[in-house]
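Each residue of the sequence shown is one higher than the last, beginning at 10 in our numbering. Report on the structure given below.
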Amino acid sequence: MTDELAWPTEKLSALRLGRRLAVELPATAPGRRAFVDITPRAVERDAEARRQGWTHKSTARSFRIEHREYNAELLDGFDYDIGSILLRSAAAANESELLTVLHEWQLNPHQFQYAWDTADPR
Numbered sequence: 010m011t012d013e014l015a016w017p018t019e020k021l022s023a024l025r026l027g028r029r030l031a032v033e034l035p036a037t038a039p040g041r042r043a044f045v046d047i048t049p050r051a052v053e054r055d056a057e058a059r060r061q062g063w064t065h066k067s068t069a070r071s072f073r074i075e076h077r078e079y080n081a082e083l084l085d086g087f088d089y090d091i092g093s094i095l096l097r098s099a100a101a102a103n104e105s106e107l108l109t110v111l112h113e114w115q116l117n118p119h120q121f122q123y124a125w126d127t128a129d130p131r
């Protein structure tokens, strides 16, 4: 695997801890903003860990990848989803399949940020 297709260590750790990552991409039209987000799916031990006050790190997570576009004027409010469009979505059963989806979508793991560091409204 080339460095280009490898996850930065801190981002891979975030995914394994169940944290969302996102990247902003060019939108299809002016007045729109587009994002791809990766949402790790919960695993059985997450609930137990949460009850005990810690976060479970798992290499066995699956992922949901979604490319959405929003009306730029609504991003900062509660109605950000009005007029939003799901452009494409995919499921990845594991970290390897996640890299395959990103490659097919011509995205690089290094592009992704913690979701809270982006303007992604979700």
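Heads up, the beta-carbon is just placed ideally off N, CA and C, and yes, glycines get one too.
Under the rule that 16 or more other beta-carbon atoms within 10 Å means buried, what is residue i, buried or exposed?
| i | result |
| --- | --- |
| Gln-115 | exposed |
| Asp-85 | exposed |
| Ile-47 | buried |
| Trp-16 | buried |
| Leu-95 | exposed |
| Phe-121 | buried |
| Val-32 | buried |
Of the choices the options, whose alpha-carbon is the least far from that of residue i?
| i | options | result |
| --- | --- | --- |
| Gly-40 | Ala-100, Leu-111, Gly-92 | Gly-92 |
| Asp-90 | Trp-16, Ala-38, Ala-43, Leu-26 | Ala-43 |
| Val-45 | Lys-20, Ala-23, Thr-68, Ala-99 | Ala-99 |
According to the Cβ coordinates, are residue i and residue j closer than 7 Å?
| i | j | result |
| --- | --- | --- |
| Lys-66 | Arg-25 | yes |
| His-3 | Arg-97 | Outside the displayed span of the chain (10 to 131) sits residue 3, for which this structure offers no information. |
| Leu-14 | Leu-107 | no |
Whose C-beta lies closer than 8 Å to the C-beta of residue i among residues of the same chain, with five residues either side of it excluded?
| i | result |
| --- | --- |
| Ala-69 | Val-52, Asn-103 |
Between which residues of its own chain and residue i is the CB-CB distance below 6 Å, once the five residues before and five after are set aside?
| i | result |
| --- | --- |
| Ile-74 | Ile-47, Ala-99, Val-110 |
Can you name, in chain order, every residue of its own chain whose Cβ lies under 7 Å from the Cβ of residue i, other than the five neighbours on each side?
| i | result |
| --- | --- |
| Leu-21 | none |
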